[in-house]
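Residue numbers (the numbering used here): 63 to 277.
Reviewing the structure listed below.
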C-alpha cells in the first residue's frame, strides 16, 4: 500500500503436516515481480512490489484422509529493511473444520426369492464402515411395509463398535457407533399378512451425522 515500492519482501507459508503434495504458482501485477513463478512444498519466496502492486500465490495440496479436527494455515510477509507502518496486516490465517471421512455401506437380505403369506420373514441387515475414520451416531432406518406385522429385531456389533439398542420392535430407527472396519448387524423377524399379494419390497438406509462425509 506504499508510499514506497519494496524490493525482496519475504513471503512465507509453512503448510501443516496434514497437507501433502503441495504445489504453488505466483503471479504479479504490472511493475511487480515474484521471486519464482512456481514451486513445491513450503513457500519461502521474495517478491518485489510497486506502490499499489500485488503478488498472488495459488497453492494446492491434498488433505490427508485421516485428518480430523481443524485445518489451520498461516501466511506472512515481512520487509527486508524498510519500516512498515502497519504490522497488523502482515499475516493472514485460514481455518477450516475438517469433515471426517467414513465410508458407510448397508446390505439387506431375507435369503429367499419368494415368501408365503402368513409365514415369518427374517431379514439380515448388515451395516459397515470402511473408514478411514470411526463414526459416532450413524443413523440406520428401516420402515417396514404394512404387510409385515409383529416385527421384532436385535442388533449386535463387532468389537469396539456398538448398537444404540440391543433389541426392539416395529420399524428400525437406531444409531450405531462404528470403528473403521466395524460392523453392526440387525436381524429382524416379521409375519407376512395372509392377505399379501404381488411383491414384498423393503429398504434399509444408513446415514452419517453432521460433521462427516461419505466418500
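Ideal Cβ positions, reconstructed from N, Cα and C, are used throughout, including at glycine.
Bear in mind that the values here come from a model prediction, so they are computed numbers and not experimental data.
| Item | Value |
| --- | --- |
| Spatially closest choice to residue 201 from 149, 246, 176, by CA coordinates | 246 |
| Residue nearest to residue 142 in terms of C-alpha spacing, selected from 168, 116, 108 | 108 |
| Proximal residues to residue 276 (C-beta, below 7 Å), its chain only, five neighbours per side dropped | 164, 165, 166, 270 |
| Strand pairing of residue 106, partner residues [DSSP] | 74 |
| N- and C-terminal bounds of the beta strand (DSSP E) containing residue 166 | 162-171 |
| Residue 191, DSSP secondary structure in three states | strand |
| DSSP state of residue 149 mapped onto helix, strand, coil | helix |
| Buried/exposed call for residue 210, threshold 16 Cβ in 10 Å | buried |
| First through last residue of the beta strand (DSSP E) which encompasses residue 206 | Where residue 206 is concerned, there is no enclosing beta strand (DSSP E), given that its DSSP letter is neither H nor E. |
| Beta-carbon separation (whole angstroms), residue 152 vs residue 77, contact threshold 8 Å | Their Cβ separation, rounded to whole angstroms, is 19 Å, which puts residue 152 and residue 77 out of contact at 8 Å. |
| As assigned by DSSP and simplified to three states, the class of residue 66 | coil |
| Enclosing beta strand (DSSP E) for residue 213 [first to last residue] | 210-219 |
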